[in-house]
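> One structure, as structure tokens, below. Some questions next.
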Amino acid sequence: MSYQLTSEVKQFLQELPKCEHHLHLEGTLEPELLFKLAKRNNIEFPQWFPKDIESCNVRYSQFKDLQDFLDHYYIGMSVLITEEDFYDLAIAYFEKAHKDNCHHSEVFFDPQGHLERGIDVKHVVEGFNRACKDANTKFGTTNKLIMCLLRHLPPKDCLDTVKLTAPFFEQGIVHGLGLDSSEVPNHPELFTESYEYLQNKYPHVGFTAHAGEEGDHTYVSKSLDHLNVTRIDHGINSHQNDELMERLAKEEILLSICPLSNVKLQVVEHVGQLPIDKFFEKNIPFSINSDDPAYFGGYILDNYLEVHRHFGFSVEDWGKIAINGIKGSWCDDARKDHLQKQVLDIVKKFQHIEIV
Ligand code: HPA
Ligand code: ZN
Numbered sequence: 002m003s004y005q006l007t008s009e010v011k012q013f014l015q016e017l018p019k020c021e022h023h024l025h026l027e028g029t030l031e032p033e034l035l036f037k038l039a040k041r042n043n044i045e046f047p048q049w050f051p052k053d054i055e056s057c058n059v060r061y062s063q064f065k066d067l068q069d070f071l072d073h074y075y076i077g078m079s080v081l082i083t084e085e086d087f088y089d090l091a092i093a094y095f096e097k098a099h100k101d102n103c104h105h106s107e108v109f110f111d112p113q114g115h116l117e118r119g120i121d122v123k124h125v126v127e128g129f130n131r132a133c134k135d136a137n138t139k140f141g142t143t144n145k146l147i148m149c150l151l152r153h154l155p156p157k158d159c160l161d162t163v164k165l166t167a168p169f170f171e172q173g174i175v176h177g178l179g180l181d182s183s184e185v186p187n188h189p190e191l192f193t194e195s196y197e198y199l200q201n202k203y204p205h206v207g208f209t210a211h212a213g214e215e216g217d218h219t220y221v222s223k224s225l226d227h228l229n230v231t232r233i234d235h236g237i238n239s240h241q242n243d244e245l246m247e248r249l250a251k252e253e254i255l256l257s258i259c260p261l262s263n264v265k266l267q268v269v270e271h272v273g274q275l276p277i278d279k280f281f282e283k284n285i286p287f288s289i290n291s292d293d294p295a296y297f298g299g300y301i302l303d304n305y306l307e308v309h310r311h312f313g314f315s316v317e318d319w320g321k322i323a324i325n326g327i328k329g330s331w332c333d334d335a336r337k338d339h340l341q342k343q344v345l346d347i348v349k350k351f352q353h354i355e356i357v
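With the numbering used here applied, the sequence shown has no gaps in its numbers, which climb one by one up to 357 at the end.
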């Protein structure tokens, strides 16, 4: 089944106020900036890495799986050295998100990918934080940083990173903790100590974890049980278990779904195969996100459009999806109220349009 992306539908989805909850800042490194920073910082890539922008674009369209992508993603990161590099990367994303009417973003970064190259984590966080503030001033968007732990590294390394970066959580510069990288076989319960450390110290922090992307539904339930997360990144394999589906609805766990990423990493053949309609019918809150847009060929609006093409949600249903995204965000109630009103205005403006 395929629905038309009429000019009215496109205009509606463009104007619909959006929140993004699943975006890796390092995954917004477009090939142009990659080669520019490589030159600025004198970085050489391994022999097997694409040599220019064009070959990057070709290679990025052919990832075999999550690991194949991650191998490129970690090499890409190696061009990020100075505070200015981190700032340039983030502000470019915030500008693109603003153009897609993404009003609130909660964005990931991977400090261990930089620490292991000898980069001072202060440069990473300060560059990203300055971009968050400037984006607020320039574009009126609100933005929060979520620090992710790399689950392919030893749990002890993750705990050390949490302890090292604790002052940023204390000061509210970093707002959330997440878990990313190679999902299988790095089970969530290995990282309980890192999560507990921050949960005991800073109850205001938000907690999430990647689960159920390539891993099965048990990765999702174990993240809820052992890491006490209130959000799940991806979570698409939750549909394999009815009990888990009921739990997600009952506990209002937001799934941050990344449709184009799932296609590019060959988790599904096309977006229509994702259980997005099941999540909607079962009242499981979800948001639509771009994950690593520079690698997967689309920012947030591209993901909304592709979901519409396959599922043809009505204007009212899209309004509900947008409102669930706002409710599941970690911004304050006043900001949530403001965003919800903006969604309702756009839903009203476009309520007449036909979905065909
Ligand atoms: N999954 C796991 N780790 C990641 C991803 C992802 O989609 N993107 C960047 N790191
Ligand atoms: Zn991700």
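Here a beta-carbon is modelled for each residue, glycine too, at the ideal position from N, C-alpha and C. Keep in mind the model is a prediction, meaning the values are calculated, not measured.
1) Nearest to Thr426 by alpha carbon, out of Gly216, Pro189, Gly320?
2) Could you name the residues, in chain order, whose CB is less than 6 Å away from a heavy atom belonging to the ligand ZN?
3) Expressed to the nearest angstrom, what Euclidean distance is found between the alpha-carbon atoms of Asn1 and Gly213?
4) Using only the heavy atoms of the ligand HPA, determine whether one of them is closer than 7 Å to the beta carbon of Gly28.
5) Along the beta strand (DSSP E) that carries Asp234, what are the first and last residues, could you check?
6) Using a Cβ-Cβ cut-off of 8 Å (strictly less than) and excluding sequence neighbours within five positions of Lys164, which residues of its own chain qualify?
7) Indicate, with yes or no, if the ligand HPA has a heavy atom lying under 7 Å from the CB of Ser330.
8) Assess contact between the stretch 310 to 319 and the stretch 293 to 302, defined as three or more Cβ pairs (one per stretch) separated by less than 8 Å. Is contact present?
9) Which residue wins for smallest C-alpha separation from Ile147, given the options Gln343, Leu275, Leu302, Arg232?
10) My understanding is that Cys332 touches Thr143, with C-beta atoms under 8 Å, so please give their C-beta distance in whole angstroms.
11) Do Ile92 and Ala132 count as a contact pair if the criterion is CB distance below 8 Å?
12) Would you be able to state if there are at least three C-beta pairs under 8 Å between the stretch 79 to 98 and the stretch 33 to 41?
13) Is Ser195 close to the ligand HPA? I mean its beta-carbon at under 7 Å from any heavy atom of the ligand.
14) Please go through the same chain and pick out, in chain order, the residues whose beta-carbon is closer than 8 Å to the beta-carbon of Asp292, but skip the five residues on each side of it.
15) Under the DSSP definition of a beta bridge, which residues are partnered with Lys145?
16) Leu67: buried (16+ other C-beta within 10 angstroms of its C-beta) or exposed?
17) Looking at C-alpha atoms only, which residue of Gly326, Lys321, Ile289 is the closest neighbour of Val308?
With the structure as the only source:
1) No answer is possible for residue 426: the residues shown for the chain start at 2 and end at 357.
2) His23, His25, Asp181, His211, Asp234, Asp292
3) This structure does not reach residue 1, given that the chain is present from 2 up to 357, and the question cannot be answered.
4) yes
5) 232 to 235
6) Tyr198
7) no
8) no
9) Arg232
10) 6 Å
11) yes
12) yes
13) no
14) His23, Leu24, His25, Gly28, Cys259, Leu261, Ser262
15) Glu107
16) buried
17) Ile289
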